[in-house]
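J.:
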Amino acid sequence: MRGPLLALVLLALFGAGHRAAADSPINLTILDTDPGLDARLHYREPFYLRYKVESNAPVRVAAEAYCRGEEVPVATLAERALPAGGGTDATFIFHWPEQPTPVDEIRLTVRRDGQKQPDASVSIPVSLTWDAKPMPAQRSLPEWVRGFELQREQELAADPDYQAYKRRTTSQRGGVRGKQMATVFSAAALLVGLVVTALSTYLMWSWRGLYRALSVVPLALLAYVIRRSIGEGRFDASTQNLWPFEVLGWLAAGLAVLGVAWSVTRGLKSRNKERDPEPLPPA
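Its first residue numbered 2, the sequence shown is counted upward by one per residue in the numbering used here.
1) Just checking, does the region 55–64 make contact with the region 150–169 on the three C-beta pairs under 8 Å criterion?
2) Does the count of Cβ pairs from the region 136–143 and the region 82–97 closer than 8 Å reach three?
3) Going straight from the alpha carbon of Glu1 to that of Ala254, what length do you get?
4) For Ser124, I'd like the list of residues in its chain whose CB is within less than 7 Å of its CB, leaving aside the five on either flank, ordered along the chain.
5) When the Cα atoms are used, what is the spatial distance from Val265 to Lys167?
6) Using only CA atoms, which one of Gly250, Pro161, Thr202, Met205 lies nearest to Tyr225?
7) Residue range of the alpha helix (DSSP H) that Arg153 falls in?
8) My output table needs one value for Lys53: the three-state DSSP class, helix, strand or coil.
9) I'd like to know if the region 46–58 and the region 75–89 are in contact, where contact means that at least 3 CB-CB pairs between them fall below 8 Å.
10) Please return the same chain residues whose Cβ sits closer than 7 Å to the Cβ of Ser201, not counting the five positions on each side in sequence.
11) Here's a check: name, in chain order, each residue in its chain whose Cβ is nearer than 7 Å to the Cβ of Val146, leaving out the five neighbours to either side.
12) Give the secondary structure of Ala79 by DSSP, where H, G and I count as helix, E and B as strand, and everything else as coil.
13) Please state whether DSSP places Ser25 in a helix, a strand or coil.
14) Rounded to a whole number of angstroms, what is the C-alpha to C-alpha distance between Ser122 and Arg51?
15) Just tell me which of Val258, Ala76, Asp162, Leu129 has its CA closest to the CA of Asp39.
16) When the Cα atoms are used, what is the spatial distance from Val193 to Val73?
17) Tell me whether Thr102 is buried or exposed, calling it buried when 16 or more other Cβ atoms sit within 10 Å of its Cβ.
18) Restricting to Cα atoms, I'd like to know which of Thr110, Trp263, Ala188 is closest to Ile27.
19) Pull the bridge partners of Glu65 from the DSSP assignment, please.
20) Can you name, in chain order, every residue of its own chain whose Cβ lies under 8 Å from the Cβ of Ala165, other than the five neighbours on each side?
21) For Pro98, I'd like the list of residues in its chain whose CB is within less than 7 Å of its CB, leaving aside the five on either flank, ordered along the chain.
22) Is Leu83 buried or exposed, if buried means 16 or more other CB atoms sit within 10 Å of its CB?
23) Considering only the alpha carbon of each residue, which of Leu256, Thr30, Asp162 lies closest to Leu195?
24) Keeping to the same chain, check which residues put their C-beta closer than 8 Å to that of Ala22; ignore five residues upstream and five downstream.
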């Protein structure tokens, strides 16, 4: 009988201790801010808060901003988690307004982990204004802010969800950048194609004999590469869209042919002038 009775007593004591920890008051104190309570902040410039929590249960802390009793839709970190026993931590809020936005109250709320309603809150009056202009230069930060940012970097490096999000956004940016570059090269290829077409047409009517045939070379190369690209589906948006590079390459070859032909014709004209000089005017 003693064994089961002792187990029941221990279980009752554990439950009472757990309830006492859950029902114990939570103390939240704001220790410092950066910048101060009266400041003008730039576009997306953070306002840091350092605080201390005393709690026997794990808690989560969030920051909010208000102006004349109305919540201001600022951006903030996700709730900061602290283990049982509490401790010192920090958070920040920032804003990217289209016009200067004032804030006259910053509020920190703390709730026990697993609960929805806050158990405690503390607010401080401030006189902050977020501008719509970006920060011209990075300002110097106090040591506790630098330590907090280093801690955040370590937390994010160990967070698999954040790393997956970072890889996904990096891939999307690379895809957008690649599409922009493809658009630029496509426009360049089309522009060069139009210029070469106009030049070949002009030379076709200006040159005679074999040189007239050479003036058609760029047009023939352009028609060839376009026909092959259409046949292989390279203009399809789902492909890698390398056709602008091929068009530019073939057009460069055609222009080289025209350059050689033009140099030869210039040389022949100069030689003919030397052989048949113009007659002197009568005295």
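Idealized CB from N, CA, C, for every residue including glycine.
T.: On the basis of the supplied data:
1) no
2) No contact exists between the region 136–143 and the region 82–97.
3) Residue coverage of the chain in this structure runs from 2 to 284, which leaves residue 1 outside it and unanswerable.
4) Glu106, Ile107, Arg108
5) 59 Å
6) Gly250
7) 144–158
8) Here Lys53 sits in strand by DSSP.
9) yes
10) Ser216, Val217, Pro219, Leu220
11) Asp35, Tyr49
12) It is coil, neither helix nor strand.
13) coil
14) 14 Å
15) Leu129
16) 53 Å
17) buried
18) Thr110
19) Arg108
20) None.
21) Within the same chain, Pro98 has close Cβ partners Trp131, Ala133.
22) Leu83 comes out buried.
23) Leu256
24) Legend: pLDDT at Ala22 = 48, less than 50; position of this residue unreliable, no value from coordinates given.
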